[in-house]
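Numbering (the working numbering), first residue to last: 172 to 647. Here is the structure we will look at, set down as structure tokens.
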Amino acid sequence: MTATLPVITDTIRFHVNGQPVEVDAPGGRRLLDVLRVDLGLTGTKEGCGEGECGACSVLLDGVLVNACLVPLAQVDGRDVLTVEGLADDGRLDPLQQAFLELGGTQCGFCAPAMLLAARAFLATGHAATEPAIREAIAGNLCRCTGYTKIVEAIAAAGAGPPTVAGGAAASAATGAWPDPRPPAAVIDVADRAAPRVVRPSSLYDALARLAADPALRPIAGGTDVMVELAAGVASPSRPLLDVWDLDELRLIDVEHDELILGALTTYGDLRRSAVVHGALPVLAEVAASVGAAQIQNRGTIGGNCMTASPAADMAPVLLATDARFEIAGPHGTRIVPADAFWPGYRRTAVGPGELLVAVRVPLVPGRHVRVRKVGTRRAQSIAKTSIALAWRTAPERHGAWHDVRVALGSVAPTPIRARRTEAVLEGTTPAPDVADRAAHAVRDEISPIDDVRSTATYRREATARVLRRIVLDAAG
Ligand code: FES
Ligand code: FES
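Right under this line is the structure:
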């Protein structure tokens, strides 16, 4: 007879809709399950369970997130707002009222999460124009054509008094721990499908814990790890190392002609950062094409690079700009250039006991960078092919390109540089015949595969056509 191992749980205390609660469960249990199953707050819905549909959206400290991708451990000491917390003593919140009056409720399944996405958007204070509203709720799928009414309702609510990120009930929260009030609910769950979570207090502590237990798997925003766990691709018996709260990894700065991006820099941070817009705005452009608000609030540059997906959104632009990866380990830090960071399919240069801590992008005078991603839709899709093209010009070279970089995603087992194509472009001045030669070269150079997202032929042709277009555009 085999003994059943005990489930290791943590005691996590947080506020839900202004009330303190205490949950004893493995730290990797999904916030969505805690809300729906443990606390009975079924207004938060489960659609896809993998960060695509937005039906599980809630506000975490005022930030819109998908509850299916948030591990319980990351809710410790924080405020969660669900749709149940919007009304105040049975009196509807102005957003709910607008949804009701203007027919925005539609199927009802999506409405709770739409309300929370709208709440997060209105709290930013941005003008509630139709394009802005549509972008704000783009991570909440609606298949019933209900968007028009929903957009109208959000616009109407946006025309009213200013909105705060918390709900009426949430405003009762103290916002700080320890909360002197007794918990409104105390829950104990032995969830065997959820991993244990180790929470280090600093980078130093994280490295020490990794050294002690090399099986620990780092987790940041959870946009990949939580999906793999839900899909059964990752095993719950492998404990997680939660790095989300390590502030040392959360910075954006320029130092010695390098843009330094801490590994925990989110896509949202990249989009909003004045430093990024000043130094290398193409990074904000790439970030804007990754997922919707819920994913941009949680997905990090470090996580995207560490998944080592051939389709990783940040990889081509980092290859094209000669980024350097700063890796910390038991013996200090080392730097790995981007073209050595992905040595094989789903592999990175980060070894056992090491953590990616920052990405450093050299800021080079006279450099131009263009990016294009071909997916099934303009944003929020996994790339069928993606290109980053970088080149430099200098007055003494009379417009001729030099230091050309052609970096590609989704056309090989890893993100790659197309060096033969780079050689074709090096030293040229952009013109239609140069564009044709570059397209021809890249078509010959890559060997993409057929998979569920695209065919090899499409990838090869699309890559060639997009490269040709970028060169033609540069030629004016
Ligand atoms: Fe679809 Fe969470 S259930 S995003
Ligand atoms: Fe639910 Fe449109 S509001 S599908």
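Built from N, CA and C at the ideal position, the CB exists for glycine as well.
Practice task
Using the Cα positions of residue 296 and residue 423, report the straight-line distance between them to the nearest angstrom.
Solution key: If you number the sequence shown from 1, residue 296 lands on position 125. If you number the sequence shown from 1, residue 423 lands on position 252. Each residue's Cα considered, the two are about 24 Å apart.
Exercise for the section: Take every Cβ of the stretch 236–253, pair it with every Cβ of the stretch 191–200, and state whether three or more of those distances are shorter than 8 Å. Expected result: Put simply, the stretch 236–253 touches the stretch 191–200. At least three CB pairs are less than 8 Å apart.
Practice task
Could you tell me if the beta carbon of residue 280 falls within a distance shorter than 7 Å of some heavy atom in ligand 2?
Solution key: Within the sequence shown, the letter at position 109 stands for residue 280. Within the cutoff, so yes.
Handout entry: Coil, strand or helix - residue 365 by DSSP
Key = For this step, residue 365 is matched to residue 194 along the sequence shown. When DSSP states are grouped into helix, strand and coil, residue 365 belongs to the coil group.
Practice task
Provide the residue span of the alpha helix (DSSP H) that contains residue 323, from first to last.
Solution key: As a working mapping, residue 323 is identified with position 152 in the sequence shown. Counting along the chain, the alpha helix (DSSP H) containing residue 323 begins and ends at 318–329.
Practice task
Spatial neighbours of residue 328 within its chain, please: CB distance less than 6 Å, with the 5 preceding and 5 following residues excluded, ordered by chain position.
Solution key: Looking up residue 328 in the sequence shown gives position 157. Hits under 6 Å: 265, 266 and 269.
Practice task
Thinking residue 490 and residue 510 are a contact (beta carbons under 8 Å), I'd like their distance in whole angstroms, please.
Solution key: Position 319 of the sequence shown, counting from 1, holds the residue named residue 490. Position 339 of the sequence shown, counting from 1, holds the residue named residue 510. Contact flag correct, Cβ pair sits at about 6 Å.
Handout entry: Beta-carbon proximity check, residue 233 vs residue 288, cutoff 8 Å
Key = For the purposes of this step, residue 233 is taken as residue 62 along the sequence shown, with counting starting at 1. For the purposes of this step, residue 288 is taken as residue 117 along the sequence shown, with counting starting at 1. The answer is no: Cβ separation not under 8 Å.
Exercise for the section: Check whether the Cβ of residue 593 sits closer than 7 Å to any heavy atom of ligand 1, and report yes or no. Expected result: As a first step, residue 593 must be located in the sequence shown, where it is residue number 422. When distances are taken from the beta-carbon of residue 593 to the heavy atoms of ligand 1, even the shortest one reaches 7 Å or more.
Practice task
Label residue 581 either buried or exposed according to how many other C-beta atoms from any shown protein chain fall within 10 Å of its C-beta, with 16 as the threshold for buried.
Solution key: Taking the first residue of the sequence shown as 1, we reach residue 581 at position 410. Looking at its Cβ environment, which holds 16 or more other Cβ atoms inside 10 Å, residue 581 is buried.
Exercise for the section: Check each candidate in 425, 412, 464 and 433 and name the one with the smallest Cα separation from residue 445. Expected result: Residue numbering aside, residue 445 sits at position 274 when the sequence shown is read from its first letter. Of 425, 412, 464 and 433, the residue nearest in Cα terms is 425.
Exercise for the section: Would you decide whether residue 615 is buried or exposed? Buried here means 16 or more other CB atoms lie within 10 Å of its CB. Expected result: Sequence index remark: in the sequence shown, residue 615 carries index 444 (1-based). In this structure residue 615 is exposed. Its beta-carbon is surrounded by fewer than 16 other beta-carbon atoms within 10 angstroms.
Practice task
Return yes when at least one heavy atom of ligand 1 lies under 7 Å from the C-beta of residue 399, else no.
Solution key: Position 228 of the sequence shown, counting from 1, holds the residue named residue 399. False, no ligand heavy atom lies under 7 Å from that Cβ.
Exercise for the section: If I'm right that residue 369 touches residue 413 with Cβ under 8 Å, what's the distance once you round it to whole angstroms? Expected result: Stepping through the sequence shown from its first residue, residue 369 is reached at position 198. Stepping through the sequence shown from its first residue, residue 413 is reached at position 242. For residue 369 against residue 413, the beta-carbon gap comes to about 7 Å, under 8 Å, which counts as contact.
Exercise for the section: Can you list the residues near ligand 1, meaning Cβ strictly closer than 6 Å to any non-hydrogen atom, in the order they appear in the chain? Expected result: Having a Cβ closer than 6 Å to some heavy atom of ligand 1 are 217, 218, 219, 220, 222, 223, 224, 225, 226, 227, 237 and 239.
Practice task
Consider the C-beta atom of residue 313 and the heavy atoms of ligand 2; say whether any pair is separated by less than 7 Å.
Solution key: For the purposes of this step, residue 313 is taken as residue 142 along the sequence shown, with counting starting at 1. Yes, ligand 2 has a heavy atom inside 7 Å of this Cβ.
Handout entry: Limits of the alpha helix (DSSP H) - the one that residue 510 falls within
Key = Stepping through the sequence shown from its first residue, residue 510 is reached at position 339. Looking at the DSSP string, residue 510 is not in any alpha helix (DSSP H), and its letter there is neither H nor E.
Problem - Distance CB(residue 184)-CB(residue 348) smaller than 8 Å - result: Translated into the one-based positions of the sequence shown, residue 184 becomes position 13. Translated into the one-based positions of the sequence shown, residue 348 becomes position 177. Cβ distance < 8 Å, so residue 184 and residue 348 count as in contact.
Handout entry: In chain order, each alpha helix (DSSP H) run of at least 4 residues that lies wholly inside the stretch 214–298
Key = Whole alpha helix (DSSP H) segments, 4+ residues: 265–272 and 282–294.
Practice task
Note the first and the last residue of the continuous alpha helix (DSSP H) segment covering residue 607.
Solution key: In the sequence shown, counting from the first residue as 1, residue 607 sits at position 436. According to the DSSP assignment, residue 607 belongs to the alpha helix (DSSP H) that extends over 603–616.
Exercise for the section: Compute the Euclidean distance between the alpha carbons of residue 586 and residue 578, then round it to the nearest angstrom. Expected result: The count along the sequence shown starts at 1 and reaches residue 586 at position 415. The count along the sequence shown starts at 1 and reaches residue 578 at position 407. In this model, residue 586 and residue 578 are separated by some 7 Å (Cα to Cα).
Exercise for the section: Count the other C-beta atoms from every protein chain shown that fall within 10 angstroms of the C-beta of residue 307, then say buried if there are 16 or more, exposed otherwise. Expected result: On the sequence shown, position 136 is the one that residue 307 refers to. By the 10 Å Cβ count, residue 307 comes out buried.
Exercise for the section: Compute the minimum distance between the beta carbon of residue 267 and the heavy atoms of ligand 2, and state whether it is under 7 Å. Expected result: Along the sequence shown, one-based indexing puts residue 267 at 96. No, since every heavy atom of ligand 2 falls outside the 7 Å radius drawn around the Cβ of residue 267.
Handout entry: Minimum Cβ-Cβ distance from residue 307 to chain C less than 8 Å
Key = Here there is only one protein chain, and chain C is not present.
Handout entry: Beta-carbon spacing of residue 639, residue 606 below 8 Å
Key = For this step, residue 639 is matched to residue 468 along the sequence shown. For this step, residue 606 is matched to residue 435 along the sequence shown. Yes, these two residues count as a Cβ contact at 8 Å.
Problem - Beta-bridge partners of residue 648, as assigned by DSSP - result: Since the first residue shown for the chain is 172 and the last is 647, residue 648 is missing from the structure and cannot be characterised.
Practice task
May I ask you to verify whether the stretch 513–530 touches the stretch 362–381, counting CB pairs closer than 8 Å and requiring at least 3?
Solution key: Cβ pair count under 8 Å is three or more, so yes.
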